[in-house]
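What the sequence shown shows, in our numbering, is residues 1 to 158, in sequence order.
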Amino acid sequence: MSIQPGDAIPEVTLKHIDDGVQTIDTPTLFAHRNVVLFAVPGAFTPTCSERHLPGFVEKFDEFRERGIEVACMAVNDPFVMQAWGESQNVPKGLRMLSDGNGDFARALGLEMDASAFGMGLRSKRFALYAEDGVVKQLFVEAPGEFKVSSAEHVLGAI
């Protein structure tokens with residue numbers, strides 16, 4: 001079963017690059033703030049690079065104006081997430097988070113087996129909106145779709 005609105009974000013550690021590899025735990029990431037976290041099956045993959053991340057880059061200032069922080073997560077290593085962010089001109093403040101072993105995706109109940117595509121365990125495509133560590137809204141895509149987790153849809157729904 002996956003996480004649902006009203007549930008607390010599970011405690012897991014993630015990685016990111018900021019003067020070297022850094023670790024951040026989810027309580028630190030989500031406490032005392034409003035956060036949209038969107039997850040993609042893989043950095044540099046077509047839909048993720050052509051539509052999902054670019055939408056959040058484009059709408060980043062609109063989220064910030066509403067007092068909402070934005071984070072992107074994938075089951076990739078932190079070096080890949082950093083390189084992907086640089087290649088996509090991700091603005092400072094949009095966190096590129098690595099869930100390298102899929103621990104957070106599993107804790108959320110939003111993991112998927114992409115072994116048929118040579119990708120192993122990955123995260124489903126989703127977005128969630130949390131206030132002070134509690135999920136308020138959750139947008140999980142059906143396999144192969146990109147609709148409800150887009151920046152435009154999330155902005156309109158929260």
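We put the CB at the ideal spot given by N, CA and C, even for glycine.
This structure is a prediction, so every number in the text was calculated from the model and none was measured.
- Excluding residues up to 5 positions away in sequence, Cys48, Ala74, Asn76, Met119, Arg122 lie with their Cβ nearer than 7 Å to the Cβ of Gly42 in the same chain.
- Checking the DSSP bridge columns, you'll see Asn76 has no partner listed.
- Per DSSP, reduced to three states, the secondary structure at Asp61 is helical.
- Every alpha helix (DSSP H) stretch that sits fully inside the stretch 18-62 and reaches 4 residues is listed by chain position as 26-30.
- Each of His153, Cys72, Asn34 was checked against the Cα of Ala105, and the nearest Cα belongs to Cys72.
- Pairing Arg125 with Glu111 gives a Cβ-Cβ distance that is not under 9 Å.
- Contact check for Val135 and Asp25: beta-carbon distance about 17 Å, past the 8 Å limit, so the pair fails to qualify.
- The Cβ neighbour count for Asp61, taken over all protein chains shown within 10 Å, is under 16; the residue is labelled exposed.
- When the five nearest sequence neighbours on each side are left out, the beta carbons in the same chain lying within less than 6 Å of the beta carbon of Tyr129 are those of Val36, Lys136, Gln137, Ile158, in order along the chain.
- In this structure, Ile9 places its C-beta atom within 9 Å of the C-beta atom of Ile3.
- In the displayed model, Glu111 falls within a strand according to three-state DSSP.
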